[in-house]
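There are 2 protein chains.
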Amino acid sequence: MSPAPRYSPEEEQELVLDAAVGCIEESSLLGFTIGAIAKRAGLSVGSLYKHVQSKEDLLVALATRQARHTRQLYGEILDADLSAPQRIISLSLLDPAKTRLFSFDEHLNTLVSSEAILQRASQGWLAQMRSAAESIDLMFRDFFQGAADSGELDVANEDELHTLSMGCWSMCAGFQHIALMRNVRGSERQEHLLNYPLQASDYPIVCTQRLLNTYRWREPLSAEAIEAACEQLIAMGYR
Amino acid sequence: MSPAPRYSPEEEQELVLDAAVGCIEESSLLGFTIGAIAKRAGLSVGSLYKHVQSKEDLLVALATRQARHTRQLYGEILDADLSAPQRIISLSLLDPAKTRLFSFDEHLNTLVSSEAILQRASQGWLAQMRSAAESIDLMFRDFFQGAADSGELDVANEDELHTLSMGCWSMCAGFQHIALMRNVRGSERQEHLLNYPLQASDYPIVCTQRLLNTYRWREPLSAEAIEAACEQLIAMGYR
Chain A
2 MSPAPRYSPE EEQELVLDAA VGCIEESSLL GFTIGAIAKR AGLSVGSLYK
52 HVQSKEDLLV ALATRQARHT RQLYGEILDA DLSAPQRIIS LSLLDPAKTR
102 LFSFDEHLNT LVSSEAILQR ASQGWLAQMR SAAESIDLMF RDFFQGAADS
152 GELDVANEDE LHTLSMGCWS MCAGFQHIAL MRNVRGSERQ EHLLNYPLQA
202 SDYPIVCTQR LLNTYRWREP LSAEAIEAAC EQLIAMGYR
Chain B
2 MSPAPRYSPE EEQELVLDAA VGCIEESSLL GFTIGAIAKR AGLSVGSLYK
52 HVQSKEDLLV ALATRQARHT RQLYGEILDA DLSAPQRIIS LSLLDPAKTR
102 LFSFDEHLNT LVSSEAILQR ASQGWLAQMR SAAESIDLMF RDFFQGAADS
152 GELDVANEDE LHTLSMGCWS MCAGFQHIAL MRNVRGSERQ EHLLNYPLQA
202 SDYPIVCTQR LLNTYRWREP LSAEAIEAAC EQLIAMGYR
């Protein structure tokens, strides 16, 4: 009789993903190896392949963990005791140092949208990642629909609501993307680099406020409302 | 005496980069090998290493080529015979099928902003990539400053100008980022997927128009002005 396994399959899977995070942080999203992850997790390469089928599959598994983290975090923000536009702008007022899951969040996110990665991932992890991403989409749809239903937001039709929702998402994603590029690529001549957490006068907040206020909210987003949102995030430990 | 080389160093470098593009398109940004690139370019691995020092260096070299392409393309758009807000929104009205350099543009862009890649790239290619990126930044700065100087745009101060410029860039980057994610990751339940080139009623165009029109332009961006911009892009072969 072989000894009882030390870990349940679920625990072993968490070990593998934790080890992968460590290995990627030490090397890179390109440079990590399955062998190094197995070693770090204290498992054989064979055992590791029970959980992920390839390097690409591992990235999709990590992206799934990341999407669930985002779902949880954004869910808390969208449920906060603030007006709807305050809750939206709060997503850009978070302190990444207090809310990010991996140091390589943004790169992982983009990598796992490449066909080459998706083609080499397992159906199992792909389905989980898609389901996690969809759950975030649905949460935002419900949020905006709720703002319209409650009368907090006055929109002409569903298209207008969809445009607002996608615009907010795009701005948020775009600011993160550009900040990343500029911070890493930065030469000394670069000015205006952002410091996190963002302040009300920083351009991502100003632009989001401007875009939000082109819509008819019961209470448009004022400077005071942004300050109050910051206070709330500090109280929640996210700023 | 050895035979005269078939190619100049510059020509050889172009061969290497062309071969790299082909190899990456066949495998992926993660999966390509230096050996396969050398074979495709008809060069020895030793000759190849005269041009790029590592896989990471090669990605930076390709990102440099990409940035120069973007500089050229955006330069043409920003010089077009259109109003300033028309020229800005034109950047989102381009047909990617007619203007993109690589099929992996967006992923490359994000990859080369990762520390892990940058650390393994050569100083030579890094300097060239940064200089190309900076030249794009300067072009946009001059464009917005020109709009303010000519009286086409009325801004209170430099901060307001900077916020507008960064807001436009972020939106444009954010829409591309999200479209990529959704298109690739897309489940059947997803609605509203964008088709390119974008139409005036698509959310990236509506949101950009809304943001632009929160500023004081001599001629705010009307639906007719967007149509006229589309016509101009068709005439230029970019739509």
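The listed protein sequences derive, respectively, from chains A and B.
Each residue of the first sequence is one higher than the one before, starting from 2 at the first, in my numbering.
Each residue of the second sequence is one higher than the one before, starting from 2 at the first, in my numbering.
Think of the CB as a built atom: it goes at the ideal place given N, C-alpha and C, for glycine as much as any other residue.
Following the DSSP letters along the chain, one finds Thr100(B) inside the alpha helix (DSSP H) bounded by residues 97-100. Against Glu107(B), the close residues of chain A are Thr111, in the order they occur along the chain (beta-carbon pairs closer than 8 Å). Taking a contact to require three or more Cβ pairs closer than 8 Å, the region 46-54 of chain B and the region 64-71 of chain B do not qualify as touching.
Annotation for Asn158(A): no residue places its beta carbon closer than 6 Å to its own, counting only its chain and skipping 5 residues before and after. Between Ala62(B) and Leu102(B), the beta carbon gap of about 13 Å keeps them out of contact (Cβ cut-off 8 Å).
Per DSSP, reduced to three states, the secondary structure at Leu92(A) is coil, with no helix or strand assignment. For Ala236(B), the closest of Val156(B), Ser151(B), Asp82(B) by C-alpha to C-alpha distance is Asp82(B). Sequence-distant Cβ neighbours of Cys173(A) in its own chain, meaning closer than 7 Å and more than five residues away, are Leu92, Ser93. Among the CB atoms of chain B, one or more fall inside 8 Å of the CB of Met167(A). Pro205(B) has a beta carbon lying within less than 8 Å of a beta carbon in chain A. Distance between Ala180(A) and Ser114(B), taken at the CA atoms: about 10 Å. Judged by beta-carbon spacing, Leu30(B) lies within the 8 Å limit of Leu109(B), meaning their Cβ atoms are closer than that value. Judged by their CB atoms, Ile137(A) and Leu213(A) are not nearer to each other than the 8 Å cut-off. Comparing alpha carbon positions, the residue from Ile227(A), Arg217(A), Ala21(A), Glu220(A) closest to Ala201(A) is Ile227(A). Under the Cβ criterion of 8 Å, Cys208(A) is counted among the residues facing chain B. Interface residue (Cβ-Cβ distance to chain B less than 8 Å): Trp218(A) is not classified as such.
Listed along chain A, no residue sits closer than 9 Å to Phe144(B) by beta-carbon distance, the nearest being about 17 Å off. If you ignore the 5 residues before and after Ala133(B), its C-beta comes within less than 6 Å of the C-beta of Thr65, Ala68, Arg69, all in its own chain and listed in chain order. Per DSSP, the beta bridge partners of Leu154(A) are Trp218(A). Within its own chain, the residues whose Cβ lies closer than 8 Å to the Cβ of Arg142(B), once the five positions on either side in sequence are excluded, are Ser166, listed in chain order. Assignment of Val113(B) by DSSP, reduced to helix, strand and coil, places it in the coil class. Bounds of the alpha helix (DSSP H) holding Gly23(A) are 10-27. Secondary structure at Arg121(B): coil, using DSSP grouped into helix, strand and coil. In summary, Thr111(B) is buried, with 16 or more beta-carbon neighbours lying within 10 Å of its beta-carbon over all protein chains present. Listed in chain order, the non-local C-beta contacts of Leu16(B) below 8 Å within the same chain comprise Tyr8, Ala42, Gly43, Leu44, local neighbours out to five positions each way being set aside. Contact residues of the region 150-166 of chain B toward chain A are His163, Thr164 (C-beta to C-beta distance below 7 Å).
Here Ala128(A) is exposed: its Cβ has fewer than 16 other Cβ atoms, across all protein chains shown, within 10 Å. Looking at the backbone, the Cα of Ala20(A) and that of Asp58(A) are separated by about 15 Å.
Asp80(B) has its alpha-carbon roughly 15 Å from the corresponding atom of Glu153(B).
Closest by C-alpha distance to Gln14(A), out of Leu222(A), Phe144(A), Ile38(A), is Ile38(A).
For Ser171(A), the number of other beta carbons within 10 angstroms of its own is at least 16, and it is reported as buried. For Arg69(B), the enclosing alpha helix (DSSP H) begins and ends at 56-79. Under the three-state reduction of DSSP output, Val46(B) falls in the helix class. From the listed residues Phe145(B), Gln124(B), Glu77(B), the smallest Cα separation to Gln233(B) is found for Glu77(B).
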